[in-house]
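Chemist: Here it is, the structure, as C-alpha cells.
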Amino acid sequence: MDRTKLNKGQLGLSLLEGMVAAAVVGIGFVAVFSLSTFSTNILMSSIDREKARMLTSMIMEDLLTDQSTINSCANVCPYHDMDFRVTNSADTTSAKKQTKWHGHANKLFGAPSVADKRLISFEETTAATGVFVVTIEINSRNGRAKNTFKRTINAWAP
Amino acid sequence: MPGHLKNGFSLVEMLIALAVSSIIIAAAFGSYTIVARNFEFQKDMKYIAQSARAVVDMMNADIRLAGYTAINNTSINDAVLMSDSGAADCCDAISVIYDQSQTQRRQVTYWTEQFIPGGGTADPTRNRLYKQVCNISNPYTIAQIQAGGCTSNILEKNPIADYVQDLQFSGYNSNCTEPGGVGFGCGTMQNITPSSVSSLCQDPVTNVVGSDVDGALTSSGLASYAFDGNHLTSYACKRTNPQAIRPFGASASGGKISLTFSSPVRLTQITARTVPEIDGGTGPGLTQSEIANFANFVEPYGKYRPLWAEMALGYGRPGQQCINTCNDGAVSGNSCTNSHWTGGQQCILQSSARFEGLNVWGTTVRDMRNETRGGIDKQVITELDIYVNGSQVCRYVSGSCVDSGYNDSSGYLEIAEIQLFGEVYGSTPIIEIETSILIRSPNEHGNVDRSIGSPLTLGNRTNTWNDKRLRDSYTISTVVRNIFYATQ
Numbered sequence: 001m002d003r004t005k006l007n008k009g010q011l012g013l014s015l016l017e018g019m020v021a022a023a024v025v026g027i028g029f030v031a032v033f034s035l036s037t038f039s040t041n042i043l044m045s046s047i048d049r050e051k052a053r054m055l056t057s058m059i060m061e062d063l064l065t066d067q068s069t070i071n072s073c074a075n076v077c078p079y080h081d082m083d084f085r086v087t088n089s090a091d092t093t094s095a096k097k098q099t100k101w102h103g104h105a106n107k108l109f110g111a112p113s114v115a116d117k118r119l120i121s122f123e124e125t126t127a128a129t130g131v132f133v134v135t136i137e138i139n140s141r142n143g144r145a146k147n148t149f150k151r152t153i154n155a156w157a158p
Numbered sequence: 159m160p161g162h163l164k165n166g167f168s169l170v171e172m173l174i175a176l177a178v179s180s181i182i183i184a185a186a187f188g189s190y191t192i193v194a195r196n197f198e199f200q201k202d203m204k205y206i207a208q209s210a211r212a213v214v215d216m217m218n219a220d221i222r223l224a225g226y227t228a229i230n231n232t233s234i235n236d237a238v239l240m241s242d243s244g245a246a247d248c249c250d251a252i253s254v255i256y257d258q259s260q261t262q263r264r265q266v267t268y269w270t271e272q273f274i275p276g277g278g279t280a281d282p283t284r285n286r287l288y289k290q291v292c293n294i295s296n297p298y299t300i301a302q303i304q305a306g307g308c309t310s311n312i313l314e315k316n317p318i319a320d321y322v323q324d325l326q327f328s329g330y331n332s333n334c335t336e337p338g339g340v341g342f343g344c345g346t347m348q349n350i351t352p353s354s355v356s357s358l359c360q361d362p363v364t365n366v367v368g369s370d371v372d373g374a375l376t377s378s379g380l381a382s383y384a385f386d387g388n389h390l391t392s393y394a395c396k397r398t399n400p401q402a403i404r405p406f407g408a409s410a411s412g413g414k415i416s417l418t419f420s421s422p423v424r425l426t427q428i429t430a431r432t433v434p435e436i437d438g439g440t441g442p443g444l445t446q447s448e449i450a451n452f453a454n455f456v457e458p459y460g461k462y463r464p465l466w467a468e469m470a471l472g473y474g475r476p477g478q479q480c481i482n483t484c485n486d487g488a489v490s491g492n493s494c495t496n497s498h499w500t501g502g503q504q505c506i507l508q509s510s511a512r513f514e515g516l517n518v519w520g521t522t523v524r525d526m527r528n529e530t531r532g533g534i535d536k537q538v539i540t541e542l543d544i545y546v547n548g549s550q551v552c553r554y555v556s557g558s559c560v561d562s563g564y565n566d567s568s569g570y571l572e573i574a575e576i577q578l579f580g581e582v583y584g585s586t587p588i589i590e591i592e593t594s595i596l597i598r599s600p601n602e603h604g605n606v607d608r609s610i611g612s613p614l615t616l617g618n619r620t621n622t623w624n625d626k627r628l629r630d631s632y633t634i635s636t637v638v639r640n641i642f643y644a645t646q
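Residue numbers (the numbering used here), protein chains in the order written: chain L, 1 to 158; chain H, 159 to 646.
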C-alpha cells in the first residue's frame, strides 16, 4: 500500500518503526548498563589479581625457606601439584605450608568454589640443574578471575 | 474540518509522545544513576585496594629487613616489637629495627590513631595509619614512640592510610607444630649453659714443678671451671685417678664431665681452649697450624699447661633422654634434615659409638653441623658426657718443644674452657609476621546490604559492621629473613 499517497498528512512513525526505535534505544541503555557492570567486574578481577600477586610472593618466599625439600623436587616433590584449596594435616614442612597457604587464600578470596583453582606445580628447566620453574595458578570469583604466575627458583645444592 | 488545519498533534498523540519521552528520560536518568553509583563504588573499591596494597607492601619490606646488622655493628636483640591491642580495641602496632648503614640504625614503627573530625566524635571504624622512622642508638618501646618519643632523631612521620578499621600483627613460625616444640628451626640459636656440671674425676693441678709460673691460673680441678667463662680456671683430672675412665673403648683414660640441660638442646658448635700462654714464655699463636708443629716456642710456653687436648662427646647412653632424633634408617650421614626427623626414637649414638677427635689447639671452634660420624647436630638431648681423654704439654729439650707429655701417666687431663652453642627449645622464635588490615570506604553506598563478610576475624580481634560502607581485608605474611637464617 502506498502510504504517501493515502496519508499525506500523517508524518509520524508507524508502530513497527516506533518499536524498532524503542528497541534500539533500549539496547543502548542495556549496553551502557552492561558496560558499567562489566567495568566493575574488571575492577574486582583486577583487585583479585593484585591479591593473587601478594599471595604468590608469600608462597615463593615460603618455598625458599624450605630449600632442603625443594632440592628433592626433581624426584619426589611434595610441592608439585599441591592443591591448597584443601589443608594437609601431615607433620611435614610442606604440609604445614600447604595449610598456611590455604588459610591465607581463604582470607583473601573466600572459600574456593569448585571452579576455583589454587595449584602449585614444579618443573625443572634442565635435568639435574636444580633450577625450577614454579607455576602458581590462582583462580577466584568462581573461576572468572584466572591468574597464573611463574617464577624461577635456583635450588641447586652444592 | 479543513485538512490544512490538521497539521498539529492530537491530544492522544501528545500524551503518547509525552509518555514515551518520560520513559526515555526516566530510563536515561536511571541509567545515569546506575553508572554514577558504579563509579562511586569503583572509586571506593579502588581506594581500598590501592591503600591496602601500598601499605602492606611497605610494611612487608620493612619487616623483611628486621634484624639486619651492618658489618661490625652490634647485634640487634629485639628486631621486631609488636603491641597487641587485645580483642576489644583497634589496633595492633609493630616496630622493626635494622641497620640502614654502619652509622645509622633505623627503627620503623607503624601504628594507628583514631580519627576525630573537628568538633566531632571519634569514629571507631576510622583510624589513621602512621609510619615513623627514627635514627636510634637504643631502641624505643612502641608506647614511647606513640607517646611522641624519638622527637630529636625522627626522620619522618606521616599518615600513610586512612579509614583503617583494623590492623593486626601476629608473629609465628609455621614450620613448628607448637610454640616451643622440638624441630629444626623451632628453637633459639644461642650459647648453651648447662644446668648442672659434674665429674667424678676432679683434681686440682698441684705438685707440678713450675706450674703457673706467672700466677695467672687461679683455680683448677672442678668441672664447672670449664664452663665459667674464665680461661684462667680449668677443669683437670689426674690420669692416675681411678675415676679417669676410657670413653667408648678408647685407648686412653679420660676425665668425664657429665652435663645436663634444663631445656632440650641441639648442639651445632663447640668451642674449647687450652691455655699454654699462662705458663709464660711465648708462642707463635694459638691456632692449630701455629701450635701443631711444636716449634718456635720460647720456654716455658705450654710446658705445664697443655698446648693440646682431645675431647670426645658421648650421648645416647642408657638412661639419657633423647627427645627427637634423625631417622637415620631413611637417610645417612649428614643428609639428615628436618624432614627426616621423627620422634621417640633412640639416639643414633649409643654407648658403643662416639664423636671423637675434637682436637683442641689453643682456641678451637668446631662447627658440628656437617658432622658425619656422630650426627650430634641432628640430635636433641638433655644430657651430654664430655670426655677429656687427651692432654699434651711440651717437653723442652735445649729450649725447644720436641714432643708431648702425652704418655706422662702422672700428668693431668686438662681443659680451660668449653662453650656450647646450638638450638635451645622452649620458646619458638618468630620468623613470620602476619599482617592483616581491614579498610572501609569513606562513603556509604546505596541500599544494598553491606554486612556481608561480617563478622570478620583478623588476628585476635573480631570485627562486625552493619552500615552501608564497603570493606575489604588483606592478610599476608612475611618471613623475617634475618631471624629465619639465624635459626638455621
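The beta-carbon is built from N, C-alpha and C at its ideal position, and this holds for glycine as well.
State whether the region 417-434 of chain H contacts the region 567-579 of chain H, with contact taken as three or more CB pairs (one from each stretch) at a distance under 8 Å.
Modeler: The region 417-434 of chain H vs the region 567-579 of chain H: in contact.
Chemist: I want to verify the contact list: residues of chain L whose CB lies under 8 Å from the CB of phenylalanine 642 of chain H, in sequence order.
Modeler: Under the 8 Å cutoff, chain L gives Thr65.
Chemist: Tell me, please, whether the CB atom of serine 357 of chain H is closer than 8 Å to any CB atom in chain L?
Modeler: Answer no: the Cβ-Cβ gap between serine 357 of chain H and chain L never drops below 8 Å.
Chemist: Closest by CA to serine 353 of chain H, which one among H/Ser612, H/Lys626, H/Glu541?
Modeler: The candidate whose alpha carbon is nearest that of serine 353 of chain H is H/Glu541.
Chemist: How about valine 32 of chain L: is its C-beta nearer than 8 Å to some C-beta of chain H?
Modeler: True, the Cβ-Cβ gap to chain H drops below 8 Å.
Chemist: Compute the beta-carbon to beta-carbon distance between isoleucine 573 of chain H and alanine 430 of chain H, rounded to the nearest angstrom, for a pair I have assumed lies under 8 Å.
Modeler: Right, their Cβ atoms sit about 6 Å apart.
Chemist: Quick one: Cα of aspartate 324 of chain H to Cα of arginine 639 of chain H, how far?
Modeler: The straight-line gap from Cα to Cα measures roughly 26 Å.
Chemist: Give the residues from the region 99-122 of chain L that approach chain H closer than 7 Å (Cβ to any Cβ), ordered along the chain.
Modeler: So the list reads Lys100, His104, Lys107, Leu108, given in the order they occur along the chain.
Chemist: If you compare alpha carbons, which of L/Met58, L/Ile47, L/Thr56 is closest to arginine 211 of chain H?
Modeler: The shortest C-alpha separation from arginine 211 of chain H is found at L/Ile47.
Chemist: I need the DSSP call for threonine 129 of chain L, collapsed to helix, strand or coil.
Modeler: If DSSP states are grouped into helix, strand and coil, threonine 129 of chain L belongs with coil.
Chemist: If you run the structure through DSSP and keep just helix, strand and coil, what is phenylalanine 327 of chain H?
Modeler: DSSP places phenylalanine 327 of chain H in strand when its eight states are reduced to three.
Chemist: Which residue wins for smallest C-alpha separation from aspartate 438 of chain H, given the options H/Ser421, H/Asp220, H/Tyr462, H/Leu417?
Modeler: In the sequence as displayed, the identity of residue 438 of chain H is glycine instead of aspartate. If we check each option's Cα against that of glycine 438 of chain H, H/Tyr462 comes out closest.
Chemist: In chain L, what lies closer than 9 Å to arginine 627 of chain H by C-beta?
Modeler: Residues of chain L passing the Cβ test: none, with the nearest at roughly 16 Å.
Chemist: Measuring alpha carbon to alpha carbon, tell me which of H/Pro422, H/Trp623, H/Gln265, H/Asn601 ends up nearest valine 340 of chain H.
Modeler: The shortest C-alpha separation from valine 340 of chain H is found at H/Pro422.
Chemist: Tell me which residues share the same chain as glycine 557 of chain H and place their Cβ nearer than 6 Å to its Cβ, disregarding the 5 neighbours each side in the sequence.
Modeler: Only Glu457 meet the Cβ criterion.
Chemist: Taking arginine 53 of chain L as the reference, which of L/Ile153, L/Asn147, L/Asn154 has the closest Cα?
Modeler: The shortest Cα separation from arginine 53 of chain L among L/Ile153, L/Asn147, L/Asn154 belongs to L/Asn147.
Chemist: Looking at the C-beta of valine 551 of chain H, does it have a partner C-beta in chain L at a distance below 8 Å?
Modeler: No, no contact with chain L.
Chemist: Just the Cα atoms here: how many angstroms apart are isoleucine 544 of chain H and threonine 87 of chain L?
Modeler: Between isoleucine 544 of chain H and threonine 87 of chain L, the C-alpha separation is close to 45 Å.
Chemist: Is lysine 146 of chain L close to chain H, meaning its C-beta is less than 8 Å from at least one C-beta of that chain?
Modeler: Chain H, which has no Cβ nearer than 8 Å to the Cβ of lysine 146 of chain L, makes this no.
Chemist: Under the DSSP definition of a beta bridge, which residues are partnered with aspartate 257 of chain H?
Modeler: Answer by DSSP bridge pairing, in chain order: H/Arg263.
Chemist: Under 8 Å, Cβ to Cβ, is there at least one residue of chain L near valine 322 of chain H?
Modeler: So, not an interface residue.
Chemist: Are three or more beta carbon pairs between the region 129-140 of chain L and the region 31-41 of chain L nearer than 8 Å?
Modeler: Result no; under three Cβ-Cβ pairs closer than 8 Å.
Chemist: Please report how far the alpha carbon of isoleucine 595 of chain H lies from the alpha carbon of valine 538 of chain H, in whole angstroms.
Modeler: Cα-Cα distance, rounded: 39 Å.
Chemist: Select from H/Val551, H/Ile534, H/Asp535 the residue whose C-alpha is nearest the C-alpha of tryptophan 519 of chain H.
Modeler: Closest option to tryptophan 519 of chain H, Cα to Cα, is H/Val551.
Chemist: Report the neighbours of threonine 56 of chain L on chain H: residues whose CB is nearer than 9 Å to its CB, in chain order.
Modeler: The contacting residues do not exist; threonine 56 of chain L stays about 11 Å from chain H at best.
Chemist: Leaving aside the five residues before and after aspartate 81 of chain L along the sequence, list all residues of the same chain whose C-beta is less than 8 Å from its C-beta, in chain order.
Modeler: Within the same chain, aspartate 81 of chain L has close Cβ partners Leu119, Ile120, Ser121.
Chemist: Can you tell me the Cβ-Cβ gap for asparagine 154 of chain L and serine 113 of chain L, rounded? I've got them flagged as a contact below 8 Å.
Modeler: Between serine 113 of chain L and asparagine 154 of chain L the Cβ distance is about 36 Å, and since that is not below 8 Å, they are no contact.
Chemist: For a quick check, are the C-beta atoms of arginine 397 of chain H and serine 411 of chain H less than 8 Å apart?
Modeler: Yes, these two residues count as a Cβ contact at 8 Å.
Chemist: Below 7 Å CB to CB, which residues in the same chain sit around aspartate 625 of chain H once its five sequence neighbours on both sides are set aside?
Modeler: Taken in chain order, the residues that qualify are Glu602, Arg608.
Chemist: Please compile the residues from chain H whose C-beta is within a distance smaller than 8 Å of the C-beta of serine 39 of chain L.
Modeler: Ordered by position in chain H, the residues that pass the 8 Å Cβ test against serine 39 of chain L are Asn196, Gln200.
Chemist: Please report the straight-line C-alpha distance between serine 509 of chain H and asparagine 547 of chain H, rounded to a whole angstrom.
Modeler: Residue confidence is low: serine 509 of chain H scores 39 on pLDDT, short of 50, so the model does not pin down where it sits. Its coordinate-derived value is still stated next. When rounded, the distance between both Cα atoms is 16 Å.
Chemist: Please tell me whether asparagine 333 of chain H has its Cβ less than 8 Å away from any Cβ of chain L.
Modeler: At least one chain L Cβ lies under 8 Å of asparagine 333 of chain H.
Chemist: Shorter than 8 Å from the beta carbon of serine 45 of chain L to some beta carbon of chain H?
Modeler: With 8 Å as the cut-off, serine 45 of chain L does not count as an interface residue toward chain H.
Chemist: Along chain L, in chain order, which residues have C-beta atoms closer than 8 Å to that of threonine 633 of chain H?
Modeler: What threonine 633 of chain H touches in chain L: His104, Lys107, Leu108.
Chemist: In chain order, what residues of the same chain lie with their CB nearer than 8 Å to the CB of phenylalanine 273 of chain H, ignoring the 5 residues before and after it?
Modeler: These residues qualify, in order along the chain: Ala280, Asp281, Arg284, Asn285, Arg286, Asp320.
Chemist: Could you check if glycine 225 of chain H is buried or exposed, using at least 16 other CB atoms within 10 Å of its CB as the buried criterion?
Modeler: Result: buried.
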